[in-house]
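Shown next, in structure tokens, is the structure this report addresses.
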Amino acid sequence: MTVSKIFASVFSADCLRLGADIRRITAAGADGLHIDIMDGEFVPLFGFNNIWIQQIGAASTLPLDLHIMSGESARILERLDLSRVVSAAVHVESGPGSGLQTVFKLMRKRGISCGLAISPRTSIEKLEPYLEEIDGILVMSCQPGVQNAGFLEDTYSRLREIKGMLRDRPECYIGVDGGLDLEKAERCIKCGASRAVIGRYLFRHPEPDRVISRLQAAGNILYERGDAGAERTFKGDCQRAAGGL
Numbered sequence: 120m121t122v123s124k125i126f127a128s129v130f131s132a133d134c135l136r137l138g139a140d141i142r143r144i145t146a147a148g149a150d151g152l153h154i155d156i157m158d159g160e161f162v163p164l165f166g167f168n169n170i171w172i173q174q175i176g177a178a179s180t181l182p183l184d185l186h187i188m189s190g191e192s193a194r195i196l197e198r199l200d201l202s203r204v205v206s207a208a209v210h211v212e213s214g215p216g217s218g219l220q221t222v223f224k225l226m227r228k229r230g231i232s233c234g235l236a237i238s239p240r241t242s243i244e245k246l247e248p249y250l251e252e253i254d255g256i257l258v259m260s261c262q263p264g265v266q267n268a269g270f271l272e273d274t275y276s277r278l279r280e281i282k283g284m285l286r287d288r289p290e291c292y293i294g295v296d297g298g299l300d301l302e303k304a305e306r307c308i309k310c311g312a313s314r315a316v317i318g319r320y321l322f323r324h325p326e327p328d329r330v331i332s333r334l335q336a337a338g339n340i341l342y343e344r345g346d347a348g349a350e351r352t353f354k355g356d357c358q359r360a361a362g363g364l
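Using this note's numbering, read the sequence shown as starting at 120 and increasing by one per residue.
So this is what it looks like as structure tokens:
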């Protein structure tokens, strides 16, 4: 059983060798591929479209996870090929009340897990009205849709707080996305994340398999302990479980 799921953020791959990068990460043991859908309005950048989703799905056997950054999430979902998609996250900032309800119903109808993403500047209290309707929360650890945005240190406390909010929904995943390296991702897992989305660091690492196995080991160790245990032993246990690194 792997408690921590490691998703590779395809937007950070080399677009000129995307197929090779995806095959390499697949062979390294990633749990899934994370695909950013950005409309250039909700966030500054543009992301992948339906053709890219189909081609990425054809290049790997891994499940696909979508992160939709748009104020018109329902319209986008209706146009996408979701045959290989297992989960998607839309932003709590994208629309109040009925707008998100419509998106959740559409996602259920299409057979994919409902995730709710939250940006760093948004109070986590905004999540509370939707906790009974979602399958997971994606915590942005950097400003979404901004190239080379740095990791924000208050992510750790936000993860702990969200974990507390979900104490009655243990089946919900808590994802973290943005500016992660091995150390930051490991600490996020210790603070409650069960899914880490890693981009540039993972694709550029000479041994992505060792990064993935260590982070997967981190989740397993926490699960077996029922808690994080002592900080000084946690990292050592993760290193031993992953064979070094």
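Using N, Cα and C, we set each Cβ at its ideal position, and we do this for glycine too. Values in this document were obtained by computation on a predicted structure and should not be read as measured data.
- The straight-line gap separating the alpha-carbon atoms of Q262 and L219 is approximately 21 Å.
- Nearest in C-alpha terms to I237, of all of D296, I175, A177 and R288, is D296.
- Note on G138: under 16 other CB atoms within 10 angstroms of its CB, so exposed under the neighbour-count rule.
- Judged by DSSP secondary structure, D296 falls within the beta strand (DSSP E) whose first and last residues are Y292 to D296.
- When Cβ pairs closer than 8 Å are counted between the two stretches, the stretch 273-290 is seen not to touch the stretch 135-155, the count staying below three.
- Taking the CA atoms as reference points, S206 sits about 23 Å from E305.
- Rounded to whole angstroms, P289 and L299 show a C-alpha spacing of 24 Å.
- Under the criterion of beta carbons closer than 8 Å, G176 and F130 do not qualify as touching, at roughly 15 Å.
- By the Cβ rule, the stretch 243-259 counts as touching the stretch 196-213, because three or more pairs are nearer than 8 Å.
- Inter-segment contact for the stretch 196-203 and the stretch 323-336 is absent: fewer than three beta-carbon pairs are separated by less than 8 Å.
- Residues I144, A149, L152 and L321 of the same chain have their beta carbon placed closer than 6 Å to that of A127, with the five preceding and five following residues left out of the count.
- As a beta-bridge residue in DSSP terms, I256 pairs with L235 and I293.
- Under a 10 Å Cβ-count criterion, K309 is classified as buried, with 16 or more other Cβ atoms of the shown protein chains found around its own Cβ.
- Contact annotation, I243 with I281: C-beta distance approximately 6 Å; criterion of less than 8 Å satisfied.
- L235 is a Cβ neighbour of I253, given a cutoff of 7 Å.
- Beta bridge pairing from DSSP links H186 with D155 and A208.
- When the beta-carbon positions are compared, F161 and M188 come within less than 7 Å of each other.
- The bridge partners DSSP lists for A315 are I125 and V295.
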